[in-house]
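Take a look at the structure below.
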Amino acid sequence: MFSLVLKPETVTDKTNSSCTKLTDKMSTDTNTLYGLTPTLPADQSATKPATDKPQALTPTQFPVPSTSLASRINNYTKAKLPPQTYSHSLRVYTYGRAIANQCFPQWNLDSNAKLNESWFITAMLHDIGTTPEHISSTKLSYEFWAGYHALEILQNESATAPHHGDDVGQGRGVASREQAESIAEAIIRHQDVQDKGRISLLTRLIHMGTLLDNIGAGKELVHPDTIRAVNEVYNRRGWSGCFRDTVVNEKELKPWAMVSRIEGFEETIESNGKGLMKEWDEGK
């Protein structure tokens, strides 16, 4: 399905010819460009927002990127994801933009076009492993499979070209290895929510966006009218039930799955659909 060929620079340690040292070629600037840095405490509460009174924002303030790579992945996910999951992915992207815009402006998501492209692609591909086509075709947890799949299709334009009669993901645009790996890292860890260690910036963004949309966590980071506007533009109807069923299906197919470590997840998803997001979950 995919292959990884890494060729780091090898430097012989003259003090011990049997050992080698691997030199990381990725510069600090590249790490920042693609959202690997700044690294942040995994404990989200340790990073204080710049404001506790965010203003109302709308999705029109955060249009999807129009780069060749972003357009290719957008076309691909629109064709492959169920409509509810596709809309969820767009909500996640928009929530991430809105939160970063007012609460964490130091991340420079608004001014760094390549970082925003990487964030958009992360949001659009994070649930690609949950589709009926993919969830049952692998023994991997769906977020792990999604990360590996992202590595493949981001670096290989032909992987989303028309195939087997499908007209999916046409368009030019290929990611560098560094960009693809940053996106894959965030996708693989998008349900690794804990308070130990450190995470990349893209991982923090995907945590914030998915937690808000799925369980209502972090609602204080956006204005209530922002939530309303996002749900009205990107139809939420039935999402909580859809996602709950996906989690149940994943655990039945793979009792070892990563999502099994989140205790009470299904119930929390349901509560969000009957609470904060009820109006739009049950709406038209």
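In the numbering used here, the protein residues as written are 94 to 377. Here a beta-carbon is modelled for each residue, glycine too, at the ideal position from N, C-alpha and C.
Buried or exposed (CB count within 10 angstroms, at least 16 for buried), residue i
i	result
Asn201	exposed
Ser159	exposed
Leu150	buried
Ser251	exposed
Ala239	buried
Ala206	exposed
Pro343	Rather than Pro, the amino acid found at residue 343 in this sequence is Glu. Burial call: buried.
Ser138	exposed
Ser275	buried
Ser234	buried
Thr296	buried
Residues of its chain near residue i, where Cβ-Cβ distance is below 7 angstroms and the 5 sequence neighbours each way are ignored
i	result
Pro134	Thr140 and Arg291
Thr339	Thr223
Asp374	Arg329, Arg330, Gly331, Trp332, Ser333 and Gly366
Glu363	Ser333 and Arg337
Phe358	Val340 and Val352
Pro131	Leu294
Ile281	Glu236, Phe237 and Gly240
Tyr179	Thr170 and Lys171
Sequence-distant residues of the same chain with beta carbon closer than 6 angstroms to residue i, five excluded per side
i	result
His256	With a pLDDT of only 47 at His256, under the threshold of 50, the placement of this residue in the model should not be trusted; the figure read from the coordinates follows. Here the set comprises nothing.
Ser269	none
Leu247	Ala268 and Ala273
Thr319	Ala149, Leu150 and Ala191
Phe155	Thr187 and Arg190
Asp136	Asp288
Residue i: CB within 6 angstroms of a non-hydrogen atom of the ligand SAM
i	result
Ala350	Ligands in the displayed structure: none, and consequently the ligand SAM is not present.
Cα-Cα separation between residue i and residue j, rounded to whole angstroms
i	j	result
Ile221	Ala273	15 angstroms
Arg190	Ser230	33 angstroms
Thr361	Glu226	26 angstroms
Gln148	Leu346	43 angstroms
Ala172	Ile166	10 angstroms
Gln199	Arg354	32 angstroms
Arg321	Leu174	23 angstroms
Leu183	Met351	23 angstroms
Lys146	Gln195	9 angstroms
Lys371	Tyr188	18 angstroms
Val323	Trp349	34 angstroms
Gly376	Asn307	16 angstroms
Asp288	Ala193	20 angstroms
Ser208	Asn249	Sequence check: residue 208 is Leu here, not Ser. When rounded, the distance between both Cα atoms is 20 angstroms.
Pro317	Val286	24 angstroms
Cys335	Ser204	35 angstroms
Lys232	Glu356	21 angstroms
Cβ-Cβ distance between residue i and residue j below 7 angstroms
i	j	result
Leu294	Gly128	yes
Met380	Gly309	Residue 380 is absent from the structure shown; the chain starts at 94 and stops at 377.
Tyr241	Ala216	no
Val326	Pro152	yes
His181	Glu236	no
Pro277	Leu298	Per the sequence presented here, residue 277 reads as Ala, with Pro not at that position. Going by C-beta atoms, Ala277 is not nearer than 7 angstroms to Leu298.
Same chain only: Cβ atoms within 8 angstroms of residue i, ignoring 5 sequence neighbours per side
i	result
Ala93	In this structure the chain extends from 94 to 377, so residue 93 is not present and cannot be described.
Phe197	Thr140, Pro142 and Ala143
Leu369	Gly309, Lys312 and Ile320
His219	Ser182, Val185, Glu236, Ala239, Ala279, Ile280, His283, Ile299 and Thr303
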